[in-house]
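So the protein lines, in turn, are chains P and W. Mapping the first sequence onto this note's numbering, position 59 (from 1) lands on 81, and the numbers just tick up by one. Mapping the second sequence onto this note's numbering, position 312 (from 1) lands on 316, and the numbers just tick up by one. The structure appears right after this line, and notes come after that.
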Amino acid sequence: MAEEKNLFQIIKGSLGLVILALAFIASTISVIYNHITTEGPDVKAIRICHWQLEKGFRNALQAIIDDYEKDYKARTGKTVRVIQVPVAEKGYAQFINTGLIGNMAPDIIEVGHTKAFENFSNIVRYFLPLGKYVNEPNPYNAGTKLAGVPWKDTFFDDLQGNITPELQEYYRIPFSVFTSRIYYNKKLLKEISGSDKFPTTYLGFTKLCDKVKEYNEEHDTNIIPVAASKYQLAFFEGNYGKAFTADMIRRLDDNFNMILEPQEAYVKYLDKQWNFDSPEFQNVVKSTSEITKYFMPGWIAANRDDAAFAFVQGRALMTSSGSWDAKSLIDQSKGLFGVGIAMLPFPTDHPEYGKYVKGGVNEASVTGGIPWGVNKASNKIDICIDFLRYATTRAANQKFNDLVYWIPVIKGSEPGHDFLKKFAPIQEGYSATNKIPISTQYTIIVGGYRWLLYAGKMTPEQYTAGRISVYEKTGEDGFLKLQEKDYRVLRSYESVITSDLIMEAYGNKQQKADARTRLDSVTLIAARKNYLYYKYNDQLKKSSEKEAE
Amino acid sequence: MNTVKVTWKNFGYNFTILFLLLPTLAMVATFCYTPAFEAIRHSLYVWDGEYVEEYVGLKNFHNLVGDLGLWAPLLLGSVCSFASALAPDGGKKIMFRVFGAIGYLGAAVFFFIDFRVAGKAVSKGTPLTFLMVLLGIVVLCALLSIQKANPKLRKWTLFFAYFLPFVSGLVYIIGVRQMGDWLLWMSFKLIFILIAANLIKMWPSIFTAVCIHRLASERWQYIYRVLFVIPMIIPSIVMLLLWKFFYDPNVGFLNQLLMWTGIDKILIWTDANLLHWGVFNNPFKPVWLGEPDLVIPALIFWGFPWVGVVGVLIYLSGLQNISQSVYEAADLDGVGSWGKFTYIELPLIMTQIRLNLILMVIGTFQAYGFQLMLLGPEGGPNNKGLTPGLYMFYKAFIENEYGYACAVGMLLFFIILILTIINQKFVRSRANG
Numbered sequence: 023m024a025e026e027k028n029l030f031q032i033i034k035g036s037l038g039l040v041i042l043a044l045a046f047i048a049s050t051i052s053v054i055y056n057h058i059t060t061e062g063p064d065v066k067a068i069r070i071c072h073w074q075l076e077k078g079f080r081n082a083l084q085a086i087i088d089d090y091e092k093d094y095k096a097r098t099g100k101t102v103r104v105i106q107v108p109v110a111e112k113g114y115a116q117f118i119n120t121g122l123i124g125n126m127a128p129d130i131i132e133v134g135h136t137k138a139f140e141n142f143s144n145i146v147r148y149f150l151p152l153g154k155y156v157n158e159p160n161p162y163n164a165g166t167k168l169a170g171v172p173w174k175d176t177f178f179d180d181l182q183g184n185i186t187p188e189l190q191e192y193y194r195i196p197f198s199v200f201t202s203r204i205y206y207n208k209k210l211l212k213e214i215s216g217s218d219k220f221p222t223t224y225l226g227f228t229k230l231c232d233k234v235k236e237y238n239e240e241h242d243t244n245i246i247p248v249a250a251s252k253y254q255l256a257f258f259e260g261n262y263g264k265a266f267t268a269d270m271i272r273r274l275d276d277n278f279n280m281i282l283e284p285q286e287a288y289v290k291y292l293d294k295q296w297n298f299d300s301p302e303f304q305n306v307v308k309s310t311s312e313i314t315k316y317f318m319p320g321w322i323a324a325n326r327d328d329a330a331f332a333f334v335q336g337r338a339l340m341t342s343s344g345s346w347d348a349k350s351l352i353d354q355s356k357g358l359f360g361v362g363i364a365m366l367p368f369p370t371d372h373p374e375y376g377k378y379v380k381g382g383v384n385e386a387s388v389t390g391g392i393p394w395g396v397n398k399a400s401n402k403i404d405i406c407i408d409f410l411r412y413a414t415t416r417a418a419n420q421k422f423n424d425l426v427y428w429i430p431v432i433k434g435s436e437p438g439h440d441f442l443k444k445f446a447p448i449q450e451g452y453s454a455t456n457k458i459p460i461s462t463q464y465t466i467i468v469g470g471y472r473w474l475l476y477a478g479k480m481t482p483e484q485y486t487a488g489r490i491s492v493y494e495k496t497g498e499d500g501f502l503k504l505q506e507k508d509y510r511v512l513r514s515y516e517s518v519i520t521s522d523l524i525m526e527a528y529g530n531k532q533q534k535a536d537a538r539t540r541l542d543s544v545t546l547i548a549a550r551k552n553y554l555y556y557k558y559n560d561q562l563k564k565s566s567e568k569e570a571e
Numbered sequence: 005m006n007t008v009k010v011t012w013k014n015f016g017y018n019f020t021i022l023f024l025l026l027p028t029l030a031m032v033a034t035f036c037y038t039p040a041f042e043a044i045r046h047s048l049y050v051w052d053g054e055y056v057e058e059y060v061g062l063k064n065f066h067n068l069v070g071d072l073g074l075w076a077p078l079l080l081g082s083v084c085s086f087a088s089a090l091a092p093d094g095g096k097k098i099m100f101r102v103f104g105a106i107g108y109l110g111a112a113v114f115f116f117i118d119f120r121v122a123g124k125a126v127s128k129g130t131p132l133t134f135l136m137v138l139l140g141i142v143v144l145c146a147l148l149s150i151q152k153a154n155p156k157l158r159k160w161t162l163f164f165a166y167f168l169p170f171v172s173g174l175v176y177i178i179g180v181r182q183m184g185d186w187l188l189w190m191s192f193k194l195i196f197i198l199i200a201a202n203l204i205k206m207w208p209s210i211f212t213a214v215c216i217h218r219l220a221s222e223r224w225q226y227i228y229r230v231l232f233v234i235p236m237i238i239p240s241i242v243m244l245l246l247w248k249f250f251y252d253p254n255v256g257f258l259n260q261l262l263m264w265t266g267i268d269k270i271l272i273w274t275d276a277n278l279l280h281w282g283v284f285n286n287p288f289k290p291v292w293l294g295e296p297d298l299v300i301p302a303l304i305f306w307g308f309p310w311v312g313v314v315g316v317l318i319y320l321s322g323l324q325n326i327s328q329s330v331y332e333a334a335d336l337d338g339v340g341s342w343g344k345f346t347y348i349e350l351p352l353i354m355t356q357i358r359l360n361l362i363l364m365v366i367g368t369f370q371a372y373g374f375q376l377m378l379l380g381p382e383g384g385p386n387n388k389g390l391t392p393g394l395y396m397f398y399k400a401f402i403e404n405e406y407g408y409a410c411a412v413g414m415l416l417f418f419i420i421l422i423l424t425i426i427n428q429k430f431v432r433s434r435a436n437g
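Structural data, given as structure tokens:
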């Protein structure tokens, strides 16, 4: 006789099955619905992926997408779907790398965040060359002032910032321009300093931060001078680094690209042309350490979001970020306080630092941001190009940037909001970049030391001594590894040059002309890289011989 | 169930079952074994993760370990010890026991050299007395490993044989700071600290499983089991981010809790008078993930109260195999609760404990996601949170040196394999015995 089961036992016995069945049904319905909306016989769907999770971006992009889909339907009678695939910044590189390698990447990809994009041979492998498209007029500009103008010339920089010089080819279409500034709380500034004006000098800046501490003591408050995290540190450290080392880098820069490459730096270090003890480096460390004393407690472990959170809650006087965060910060502080935008003051007025800083850092080399590349493996390339053309008309680009509070990138368009004018790139000033990290060990260990320095656990002298120790210990190995990598790149150039030579010999008229254009520049670039490769090897050899003597 | 040997004669009869196994085997081969073999292959290449590949032989391993000759003491000692311990029949045969003892003594000589050299290299000097005592212990263990009378003693001396070469070799490597990837070797320090901590952190799950098992009501046992299963649907990344919030110095729950309970005053006093770390001050806002001295405690404390969902369910399944008659007999003998735990439950779930131990060791060695989320790819301040897995991730996905990362993975594989063998040999269930 079967045992009678009570209700509890029946539920217990079948609960799992019921949950499983419900989950399966829900998933099936979702898959079917997605399939119908995106893969129907008359539906063409493309995916566009990015890491911009800032407030407003997805809505703004969706607005342009909706306009495009309506326009496409009205023109052709067919349905097109552009599906956003937002991916968190931390996982974006892995998502893109694996997608590209596995041939499953989205159709339009926001280019960046992975070293794969720095290697021109990877760009060629995975991304569609856009040269033939950008040299033609954008058909969506018909009837406007930009009618008949080649698509590339409708961008503020004629698309020069998004050309791959090794290949003399375009692979990216940008949507916006970005610069970084200080955001400040207008209400707190008035309360604390008694003035509406943000300081324009370094000493004025540090005085203001000291006033915040005095204000806290007088009023028993806990206002943070600078809401910051590691993200904001890069803004201060990067700008001060450029300002202090611009002259030094110009002096050491052999290949005149205003970048002190790792190998270049290493051989000159061995030749004693520079040292970490030099005033330039010391002053970067000292000035940044001074500023970090005004950062919020625990900033070392904080994220960009934590700093933004502290600022928009009115707990901090200022923070720093790019124009990409403008909408988020302004929207979230609405009703609490007004947000002002200010330039970072450079220490030209400082009695000690001022001797080494001639002025601020220029932004003349800023290029178009939010660059989109078209996946070569996409089977809807025509839709991808069409969408990018649509989105980069003056009207659409203006609308997109107005919605997201960014600076448009098409000629003739203006920043849609007054405060964005303060983000306009500054043309005057100095700039140079150093890429001293020579090895993984240096990057990781000195990266660890930096946090000790800024946490006050290490003095600048100890930090410098640590840097020197790791640099000298790992420099040679790192140098040799980088040289090996460069050697492989040189061999890639050889294959590019070979294929162009073949194209020039056997291609049609247009192919011959394209190949000739590329050969002229690629050969020059390869020759320069080749020269530098052997020059660095020779310099290392001479330094080793000198040391042995 | 009777087992039947499958031969060609009865193949047709068993064909259906074998055929149904094929898809699973194919998937395992495709998604498990193929990537593993590819990783082994790519460890011999310089590979950027895509199509740039250059065969370099053992160069990646050479960069990892430096001069292979300097590893000779560790390798020789390990080989001798393992050979003797892996002898058939538990090493009862005199030949294997003698061989083991000779190998053991040979390894002892190398261990002595290792410690001496390491001592000199770190400039602190390892006391000669300590080394002589250690050598004496090793010689004694070698002699004891020959004897037949006490198998338990022989087993423990062999355990010492496994442990010593590993430790002494590491001391040597760290002390000499020889060529090779010393950043990687430095990262092992945290792993051993975490393994030691995780050994303690296994126990709350065991106690929880025992408590659930002892509940009189079957309904409540079911409810607790469901309550433990439900959190499994939460992605681990969510837990990580929650804990990151807990550790926030300004608004995090941990600092608030310490202040509410008054523990902050104890910590401030301890820091000022005993530890002298300078991390617990007034106002009380320790930066758990930003202070070098607090990073490791933060990593260890993560997951408190350390009642792992999977662990509890595994132990519970083991406990449910214990017959009720065993408990009744224990009651008749007057065995108390603790006695039941130590004499009945714990021995009978040693298989599950061993399984979890293996999984824990493997998980700890492979761990990187946790440290990456909380501390960043460099492992936080002063690289305190850098683990081999995180270093491997950095090499692959940030430096684009996938071939080298595969070599690091191979090294981790061998280490985990050795530890698993040790675990298999020495952590046995009485039920199996």
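Positions of the beta carbon are idealized from the N, C-alpha and C atoms, including for glycine. Computed from a predicted structure; not experimentally measured.
Sub-8 Å separation of residue 153/P and residue 192/P beta-carbons: yes
Residue 432/P bridges to which residues according to DSSP? 177/P
Alpha carbon to alpha carbon, how far is residue 466/P from residue 387/W? 7 Å
Taking Cβ-Cβ distances below 9 Å as the criterion, which residues of the segment 366 to 398 of chain W are in contact with chain P? 376, 377, 378, 379, 380, 381, 382, 383, 384, 385, 386, 387, 388, 390, 395 and 398
What is the DSSP secondary structure of residue 275/W, reduced to helix, strand or coil? helix
Just verifying my parser: in three-state terms, what is the DSSP assignment at residue 295/P? coil
Completely contained alpha helix (DSSP H) runs for the segment 366 to 440 of chain P, where each covers 4 or more residues: 403 to 413 and 416 to 426
Measure the C-alpha to C-alpha separation of residue 30/P and residue 218/W and round it to an integer number of angstroms. 20 Å
If you draw a straight line from the C-alpha of residue 347/W to the C-alpha of residue 304/W, how long is it? 30 Å
Quick one: measure Cβ to Cβ for residue 313/W and residue 232/W, integer angstroms, because I've assumed they're closer than 8 Å. 5 Å
Leaving aside the five residues before and after residue 447/P along the sequence, list all residues of the same chain whose C-beta is less than 6 Å from its C-beta, in chain order. 201, 385 and 388
For the candidate residues 334/P, 69/P, 249/P and 496/P, whose alpha-carbon lies nearest to that of residue 359/P? 334/P
Leaving aside the five residues before and after residue 558/P along the sequence, list all residues of the same chain whose C-beta is less than 6 Å from its C-beta, in chain order. 285 and 289
Quick one, are the C-beta atoms of residue 353/W and residue 322/W less than 8 Å apart? yes
Do you know whose CA, among 532/P, 506/P, 503/P and 540/P, lies nearest residue 520/P's CA? 540/P
Show which residues of chain W have a CB atom less than 8 Å away from the CB atom of residue 471/P. 386
Would you identify the three-state DSSP class for residue 314/W, choosing helix, strand or coil? helix
I'd like to confirm the pairing. Which residues does DSSP put opposite residue 564/P in its beta bridges? Paired residues: none, contrary to the question.
CA-to-CA distance, residue 85/P to residue 101/P, given in whole angstroms: 16 Å
Per DSSP, residue 362/P forms a beta bridge with which residues? 206/P
Per DSSP, what kind of secondary structure is residue 510/P in: helix, strand or coil? helix
Please identify, using Cβ separations under 9 Å, the residues of the segment 311 to 335 of chain P that lie next to chain W, in order along the chain. 318, 319, 320, 321, 322, 323, 324, 325, 328, 331 and 332
Beta carbons nearer than 7 Å to chain W: which residues of the segment 95 to 120 of chain P have them? 115, 116 and 119
Under the rule that 16 or more other beta-carbon atoms within 10 Å means buried, what is residue 323/P, buried or exposed? buried
Can you tell me whether residue 19/W is buried or exposed, with buried defined as 16 or more other CB within 10 angstroms of its CB? exposed
For the segment 261 to 314 of chain P, which segments carrying the alpha helix (DSSP H) assignment without a break, of at least 4 residues, lie completely within its bounds, in sequence order? 284 to 292 and 301 to 314
Using only the heavy atoms of the ligand NAD, determine whether one of them is closer than 7 Å to the beta carbon of residue 127/P. You won't find the ligand NAD in this model; it holds no ligand whatsoever.
Strictly under 8 Å for the Cβ-Cβ distance: is residue 187/W near chain P by that measure? yes
Among residues of its own chain, excluding the 5 on either side of residue 313/P, which ones have a beta-carbon nearer than 6 Å to its beta-carbon? 258
With the cut-off set at 8 Å, would you say residue 37/W and residue 188/W are in Cβ contact? no
Hey, does residue 551/P have any beta-carbon neighbour from chain W nearer than 8 Å? no
Spatial neighbours of residue 295/W within its chain, please: CB distance less than 6 Å, with the 5 preceding and 5 following residues excluded, ordered by chain position. 283
For residue 94/W, which residues from the same chain have a beta carbon less than 6 Å from its beta carbon, with the 5 sequence-adjacent residues on both sides left out? Below a pLDDT of 50, predicted positions are generally treated as unreliable, and residue 94/W, at 49, falls in that range; the measurement from the model is reported next regardless. Within the same chain, residue 94/W has no close Cβ partners at all.
Since residue 477/P meets chain W, which of its residues come closer than 9 Å, beta carbon to beta carbon? 291, 294, 295, 296 and 385
Tell me whether residue 14/W is buried or exposed, calling it buried when 16 or more other Cβ atoms sit within 10 Å of its Cβ. exposed
Using a Cβ-Cβ cutoff of 8 Å, what residues of the segment 444 to 469 of chain P are near chain W? List them in chain order. 462, 463, 465, 466, 467 and 469
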